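One structure is given below, encoded as structure tokens.
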RNA sequence: GUGGGUAUGGCGCAGUUGGCUAGCGCGCCAGAUUGUGGCUCUGGAGGCCGAGGGUUCGAGUCCCUUUACCCACC
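In the numbering used here, the protein residues as written are 781 to 1156.
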């Protein structure tokens, strides 16, 4: 159940009640594709860096270790020892990101496993079954994410198919939630809006999927090659056609600036690999812009990544030390960097919520953007 | 002391029978990366080839001298 607490312009401040606790929005979900945040980050760590929601991937967990094994182990929460909300991505995005390894048909998608090459079929029903086995808090509908450069007729057909798939997802989810051996009988379902950069297709699709009365609505297929301006424009045009009384989720986005712009346009949920992937590569977010710890100028830098930061890395380690760890390929280096970046994102979301509560989001956003663009 | 070997950008090396603005890996520097295949990709800076002399139209490549280091034998 979503409760809209406050609005500032189109920006929403809300609470999303789930069987695994309340999610304060806007929120940034921390990406742990294979039931783990890459970089040797434990779920215990997540409790220290303000993580509210963990995100895992249906496709990856289906391939390894197998959703049936996870069900046997009591579901994803028990398996990875994390009792707060988990959102599972449907596997739909892999249709896009693993392009070349797939064949899309009306019934679903044929993949080749990136692990061992074996052929896998996944359609709406399979995706729902897998996600039900994983027993995540929120399941995502199985969709197709067409390329941002796909032509109009392709996108039109693709989106119509995604709508048909959504109907099948909802039916299957209802059936599974009623089944006797289902772990999470209150699993929620978010639908996904598509339409590439064609605003009329986006709007039409938004109207269609809201008729399904889902638990939340995502906007997919953005930040895949189009410009930031196009992305913001699509958000401005599309979000107003999604129900205000339900959470909105901008999938796969993004940079801190993207998130601030997204919040301003009415987005509640975000997720992105940036803080984790960039952390592993030594790119660290600070309030004065991004820094690359691999740079030689940090070789003898005794300062923490960011002065005043309370994350596990900044509390006791210097840039010089962490740089050394990264260059020596010590796991601890990645770990500290990922922790810092996630802490940065999670803290920024907290600041955004506080600003919204105080009715000062616009001012906060401007200040944050100004600071981050400053050279240091 | 004798014999042999090596000296080419920060490090490790390629450089054919001497021939265009001397390459490569790593490193360094700067970017990219948006529902993650622990990656990958894209640029950039930096050597006049140990030093000196000679042969030649032309030498990192041949000759002489010299210096440093390595190995072996005394």
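The C-beta atom is built at its ideal place from N, Cα and C for all residues, glycine as well. Note that the structure is a prediction, hence the values are computed from the model and not measured.
State the CB to CB distance for the pair residue i and residue j, rounded to an integer number of angstroms; the pair is presumed to be in contact (CB under 8 Å).
i	j	result
residue 999	residue 1030	5 Å
residue 1083	residue 1099	6 Å
residue 1129	residue 807	6 Å
residue 1125	residue 1055	5 Å
residue 1006	residue 933	In fact, because the Cβ distance is near 18 Å, the residues do not count as touching under 8 Å.
residue 1048	residue 805	4 Å
residue 835	residue 811	5 Å
residue 1040	residue 1148	6 Å
residue 731	residue 970	Residue coverage of the chain in this structure runs from 781 to 1156, which leaves residue 731 outside it and unanswerable.
residue 855	residue 785	Not quite, the Cβ-Cβ distance comes to about 30 Å (not below 8 Å), so this is no contact.
Given this structure, state the Cα-to-Cα distance separating residue i from residue j, to the nearest angstrom.
i	j	result
residue 1053	residue 831	14 Å
residue 801	residue 1060	30 Å
residue 947	residue 1085	48 Å
residue 976	residue 1122	29 Å
residue 1115	residue 1092	10 Å
residue 956	residue 863	21 Å
residue 1155	residue 986	Reliability fails at residue 1155, whose pLDDT of 49 lies under 50, so the model's placement of it is uncertain and the value that follows must be treated cautiously. Distance between the alpha carbons of residue 1155 and residue 986 is about 40 Å.
residue 1063	residue 1073	6 Å
residue 916	residue 1035	26 Å
residue 968	residue 1081	47 Å
residue 790	residue 1051	20 Å
residue 857	residue 821	16 Å
residue 1046	residue 1112	37 Å
residue 978	residue 1142	28 Å
residue 962	residue 1087	48 Å
residue 1014	residue 1008	10 Å
residue 936	residue 825	43 Å
residue 1076	residue 905	52 Å
residue 861	residue 823	7 Å
residue 888	residue 839	13 Å
residue 818	residue 945	31 Å
residue 1070	residue 965	43 Å
residue 1028	residue 1079	43 Å
residue 1004	residue 797	31 Å
residue 793	residue 787	6 Å
residue 919	residue 912	8 Å
residue 1136	residue 1127	14 Å
residue 1068	residue 1089	12 Å
residue 1139	residue 869	32 Å
residue 984	residue 1016	14 Å
residue 1022	residue 982	11 Å
By DSSP's criteria, residue i is part of a beta bridge. Which residues make up the other side?
i	result
residue 793	786
residue 1137	Its beta-bridge partners do not exist; DSSP assigns none.
residue 811	835
residue 992	DSSP lists no partner for residue 992.
residue 899	892
residue 821	817
residue 804	795
residue 883	890
residue 920	970
residue 998	972 and 1029
Count the CB pairs spanning the stretch 917-929 and the stretch 939-956 that are closer than 8 Å, and state whether there are at least three.
yes
Runs of 4 residues minimum, wholly inside the stretch 1043-1108: which ones carry the alpha helix (DSSP H) assignment?
1054-1060, 1092-1096 and 1099-1107
The stretch 811-830 contacting the stretch 893-902, beta-carbon criterion three pairs below 8 Å:
no
What ranges does the beta strand (DSSP E) occupy inside the stretch 951-989, keeping only unbroken runs of at least 3 residues that lie completely in it?
968-973
Is there contact here, the stretch 898-907 with the stretch 847-856, by at least three beta-carbon pairs under 8 Å?
no
Hey, which unbroken runs of the beta strand (DSSP E) at 3 residues or more fall wholly within the stretch 845-874?
866-869
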